[in-house]
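*Asks:*
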Amino acid sequence: TRIAAYWSQQYRCLYPGTVVRGLLGLEDDGDLITVEFDDGDTGRIPLSHIRLLPPDYKIQ
4 TRIAAYWSQQ YRCLYPGTVV RGLLGLEDDG DLITVEFDDG DTGRIPLSHI RLLPPDYKIQ
């Protein structure tokens, strides 16, 4: 699923990425979602920091 998410509290801009299934070895935490950002970084992001993008949304 295509999303935009806040990477950190320090930087209040949204970064595009994709929700991925949880990675092996990570504890299941219902509030944290594994996101692979378009720049290649991966993070566990709180659900409240994630925004869904419409289908076929173009990132500029």
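Under the working numbering, the first residue of the sequence shown carries the number 4, and numbering increases by one thereafter. Every residue gets a Cβ at the ideal spot worked out from N, C-alpha and C, and that includes glycine. Owing to the predicted nature of the structure, the values given are computational and were not obtained by experimental measurement.
1) Considering L55, what are the terminal residues of the beta strand (DSSP E) in which it resides?
2) CA-CA distance, D42 and Q12?
3) Please go through the same chain and pick out, in chain order, the residues whose beta-carbon is closer than 7 Å to the beta-carbon of Y9, but skip the five residues on each side of it.
4) Determine the contact status of R47 and L56, defining contact as a CB-CB distance below 8 Å.
*Replies:* A quick look at the data gives this:
1) Its beta strand (DSSP E) spans residues I53 to L55.
2) Their backbone Cα atoms lie some 18 Å apart in a straight line.
3) Excluding the 5 residues flanking it on each side, Y9 has same chain C-beta neighbours closer than 7 Å at R15, L17 and H52, in chain order.
4) The Cβ atoms of R47 and L56 do not sit closer than 8 Å to each other.
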